[in-house]
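> Following numbering that gives the first Met the number 0 from start to finish, the sequence shown increments by one per residue and tops out at 77. Sharing a structure, written as structure tokens. Questions coming.
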Amino acid sequence: MKEFIVCYTLEDDIKRERIMKKEDISKEQVIQEIVEKIDQRKYFLKKGDHGDYWINRSSIRYIGVHEKDVPKFNHIKL
């Protein structure tokens, strides 16, 4: 299993979540899954270290994804 850290930069906050995926999935595929999820829903639930929270897609400014133990981030501006 690979662990990915997703960082959502919102209008007034930053939220992070950890995602576990199969070994054969790439960072770009994880980004694509997140973008598709955002396109399909106005609000979506994320599980963070400090509890669950709802994110309104209109408040998202950037999404950063990096694979744990690989320090480089890929950012997407929305």
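Cβ atoms here follow ideal geometry from the backbone N, Cα and C, with glycine treated the same way.
Take residue 0 and list the residues in its own chain whose beta-carbon comes closer than 6 Å to its own, dropping the five residues that flank it on each side.
Along the sequence shown, read from residue 1 onward, the residue named residue 0 stands at position 1. Answer for residue 0: 19, listed in chain order.
> Rounded to the nearest angstrom, what separates residue 28 and residue 39 at their Cα positions?
Locating residue 28 in the sequence shown gives position 29, counting from the first residue. Locating residue 39 in the sequence shown gives position 40, counting from the first residue. Looking at the two C-alpha atoms, the distance is approximately 17 Å.
> Rounded to the nearest angstrom, what separates residue 48 and residue 33 at their Cα positions?
What you label residue 48 is simply residue 49 of the sequence shown in a count that begins at 1. What you label residue 33 is simply residue 34 of the sequence shown in a count that begins at 1. Rounded to whole angstroms, residue 48 to residue 33 spans 19 Å at the Cα level.
> Would you check if the distance between the CB atom of residue 16 and the CB atom of residue 24 is smaller than 9 Å?
If you number the sequence shown from 1, residue 16 lands on position 17. If you number the sequence shown from 1, residue 24 lands on position 25. No.
> Could you give the residue range of the alpha helix (DSSP H) that holds residue 2?
For the purposes of this step, residue 2 is taken as residue 3 along the sequence shown, with counting starting at 1. It is not in any alpha helix (DSSP H) - residue 2 instead sits in the beta strand (DSSP E) that spans 1-9.
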